[in-house]
Each structure stands twice: as C-alpha cells, then as structure tokens.
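Structure record follows, encoded as structure tokens.
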Amino acid sequence: MPAYVVLTREHTHNSEEMQRYSEKAKAAREGHDPQPLAFYGDFEVLEGSAMEGAVILRFPDMAAARAWYQSPAYQEARQHRFLGADYRVFLIEGIEEV
C-alpha cells in the first residue's frame, strides 16, 4: 500500500540553515523517487495551531518511505532542518487504490 510522509513547518528560526536543508533534502530524494503531492503551496489551516507550510510525499510503501527518511543523505539534511525550523514530520500508510 502507498505511504505518505507529511512534513509541516511550524516556525522558521534560521533561513540560511533552511536553504542548506532544501539543497541537501532535494539531493537526498535521488534514488528514492518520492512523488510530491503537495510542496509548500497555498494552504489554509482549518483547525489546530498555525503553520508556515507543508509537504506531502508519496512512496510505494512504508518500507520505501522509511528507507528515504533513514538514508544517510536525508539524515545529514535534516540536521540543517533542526537548526533552521520547527517541524512536525510523520509517516502514514495509505489505502489500496481501486
């Protein structure tokens, strides 16, 4: 079943670190081929706390999503994200498409 990684950016602290994160995260996608379904586009918070943006990435399954997230390249990239902003990141299993 497909799986989705959802990243929500709550608050940016350091835009230079976020630029480094963006560059390294893009490179970390190589070989994992996530399908971006949403990428910091226009959004509206209907419930809950405010956020600055969101990304939704589709993977073939949970194992593929974990392989990307746990890859050395993404682990290096996320160190810049930790320094640059507060995020909530989660993985959710999708449903079989009919």
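Mapping the sequence shown onto our numbering, position 22 (from 1) lands on 22, and the numbers just tick up by one. Positions of the beta carbon are idealized from the N, C-alpha and C atoms, including for glycine. No experiment lies behind these values; they were computed from the predicted model shown.
Separation of the CB atoms of E76 and R9 is rounded to 19 Å, and the pair is thereby denied contact status at 8 Å.
Going by beta carbons, G94 and M1 fall inside the 8 Å limit. For L57, the uninterrupted beta strand (DSSP E) run begins and ends at G53 to F59, by DSSP.
Here H32 carries a coil assignment [DSSP, helix/strand/coil]. Ranked by Cα distance from L7, the first of Y87, I92 and E97 is Y87.
Sorting E47, A50, G48 and V55 by C-alpha distance to the C-alpha of Y40 places V55 at the top.
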